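The block underneath contains the structure these notes are about, expressed in structure tokens.
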Amino acid sequence: MRARTRLAIGAISAVAGAALLTGCGDAGSSGTDAPKPGASGAGCAPVAGQQLIALQDDKKLQNSDNVIPAVNSKAANPQLIAALDKVSAALDTPKLIQLNKAVNDDRKTPKVAAEEFAAANNLTAGIAKGPGGAITVGAGNFAESQTLGELYRIALTAAGYEVKVQQIGNRELYAPALEKGEIQVVPEYAATMAEFLNTKANGQNAQPVSSPDINTTVTALKAEGDKAGLTFGTPAAAQDQNAFAVTQAFADKYGVRTLSELAAKCSGNATVLGGPPECEQRPFCKPGLEKTYGLSVGKFSSLDQGGPLTKSGLRDGSISVGLIFSSDGAFATS
94 MRARTRLAIG
104 AISAVAGAAL
114 LTGCGDAGSS
124 GTDAPKPGAS
134 GAGCAPVAGQ
144 QLIALQDDKK
154 LQNSDNVIPA
164 VNSKAANPQL
174 IAALDKVSAA
184 LDTPKLIQLN
194 KAVNDDRKTP
204 KVAAEEFAAA
214 NNLTAGIAKG
224 PGGAITVGAG
234 NFAESQTLGE
244 LYRIALTAAG
254 YEVKVQQIGN
264 RELYAPALEK
274 GEIQVVPEYA
284 ATMAEFLNTK
294 ANGQNAQPVS
304 SPDINTTVTA
314 LKAEGDKAGL
324 TFGTPAAAQD
334 QNAFAVTQAF
344 ADKYGVRTLS
354 ELAAKCSGNA
364 TVLGGPPECE
374 QRPFCKPGLE
384 KTYGLSVGKF
394 SSLDQGGPLT
404 KSGLRDGSIS
414 VGLIFSSDGA
424 FATS
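Read left to right, the sequence shown gives residues 94 to 427 (our numbering).
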């Protein structure tokens, strides 16, 4: 469904022992302790409800996967970067959630959702004109990337460029096109792209370069980008990374808002964790919750990666906590 996967990022960062965004990590490569035996406490049974909330990752299990514009260096100039940075400045995670809700739930097109957002947030105000010319913005094969691509189109058009948005597919397809200059701009995710470039240049066993700290991640990303002929703008506050969700009713009943509180109050037999099958082995899913937070669950339910099965499991009271993406429209409050 998505052009990037959090699973690969988790594996890479785990090798370095970093506390990681969203990725679950590749199986068998984490260096984490083996999953603990079955929980022995009472735990927290699932509580059905429609509204979902993301528990705060207060010990920073996940890496910083902030939205960031990626540009072919030959096409980069100060006005173009400044226009893209206007998009970054306008976006935080709650706004990204609302954009995803507009497309995925309210059934607006990415173009319409982006245009409404641009108008509401005065996106094009103060954008300086660049040298002009044709710009192709590449987008991944999922709605969020397409909506971000449309926001880039609006900002770049205001800067005097002739812009089209082209859906390319996954990163393995659009990254080479970006490096070759076949497309000039792509909305990216800082930690995921940093590790993609890192492993491409240095091999699958390369030391990780991303971090839970966005400044550290962006410094590493720009260094890797220099080698590939890529320039990166300013990261947005908006993040799209792994998040552990519960229903609002669950959070209210048990008094949990953070993963630390979940571990302290809900370790035990009644707690059911839901996620993709590989969550049981990958270091930024179940083993990460165990190692970083000390959470023990009574049962793991094999569902999907941030998809409808996990969200349905939360809402119908089949699971206590589930892995979904932090910018999912399911977190929208209206």
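Where is the CB? At the ideal position from N, CA and C, for every residue including glycine. Since we're looking at a predicted model, the values are computed, not measured.
Local Cβ density within 10 Å of residue i, reported as buried at 16 or more and exposed below that
i, result
"Q395", "The sequence given here has Ser at residue 395, not Gln. Exposed is the call here."
"A209", "It should be noted that the sequence gives Glu, not Ala, for residue 209. Exposed, because fewer than 16 other Cβ atoms sit within 10 Å of the Cβ of E209."
"Q297", "exposed"
"T426", "exposed"
"R408", "buried"
"E383", "buried"
"K320", "exposed"
"G274", "exposed"
"E288", "buried"
"P162", "buried"
"N291", "buried"
"K222", "exposed"
Cβ shell of residue i (< 8 Å), same chain only, five flanking positions each side left out
i, result
"G226", "Y254, E255"
"A344", "I146, L148, R350"
Residue range of the unbroken beta strand (DSSP E) whose run includes residue i
i, result
"Y386", "Element bounds for Y386: n/a, residue is neither H nor E."
"Q260", "254-262"
Sequence-distant residues of the same chain with beta carbon closer than 7 Å to residue i, five excluded per side
i, result
"D158", "L114, T115, Y282, A283, A284, T285, Q332, D333, Q334"
"G406", "G367, S394, L396, I412, G415"
"T217", "A211, I247, A248, A251"
"C378", "C117, G368, C372, L416"
"Q191", "A425"
Run of the alpha helix (DSSP H) containing residue i, from where it starts to where it stops
i, result
"N308", "307-321"
"F289", "283-295"
Inter-residue spacing [alpha-carbon to alpha-carbon] between residue i and residue j
i, j, result
"D178", "N362", "47 Å"
"A141", "D150", "22 Å"
"T309", "A316", "11 Å"
"A176", "F393", "45 Å"
"A232", "P280", "7 Å"
"C372", "P380", "8 Å"
"A423", "A252", "34 Å"
"P139", "P305", "29 Å"
"T215", "E237", "One detail in the question is off: residue 215 reads as Asn in this sequence, not Thr. Distance between the alpha carbons of N215 and E237: 20 Å."
"A206", "V180", "14 Å"
"I146", "K152", "18 Å"
"N197", "T240", "11 Å"
"F337", "L148", "6 Å"
"E272", "V311", "18 Å"
"T385", "L154", "7 Å"
"Q259", "P301", "31 Å"
"A120", "Q277", "Low per-residue confidence applies at A120: pLDDT is 29, beneath 50, and the placement is therefore not dependable, though the value from the model is reported in the following sentence. Roughly 35 Å separates the two Cα atoms."
"E243", "G400", "24 Å"
"A294", "T351", "37 Å"
Three-way DSSP call (helix, strand, coil) for residue i in this model
i, result
"G136", "coil"
"L249", "helix"
"Q374", "coil"
"S395", "strand"
"F325", "strand"
"A174", "The amino acid at residue 174 is misidentified as Ala; the sequence shows Ile. It is helical."
"N197", "helix"
"I276", "coil"
"F235", "coil"
"T217", "coil"
"T351", "strand"
"G416", "The sequence given here places Leu at residue 416; Gly does not occur at that position. Note: L416 maps to strand in three-state DSSP."
"T240", "helix"
"P162", "strand"
"G422", "helix"
"V390", "strand"
"V302", "coil"
Contact set for residue i: own chain, Cβ-Cβ below 6 Å, skip 5 residues either direction
i, result
"L189", "A331, S420"
"T324", "V164, S166, A169"
"Q398", "P369"
"Q144", "Q341"
"K201", "A195"
"G262", "N234"
"G136", "C359, G361, N362, A363, T364, G391"
Residue i CB to nearest heavy atom of the ligand NAP below 6 Å
i, result
"A251", "Annotation note on the ligand NAP: not contained in the displayed structure, which lists no ligands."
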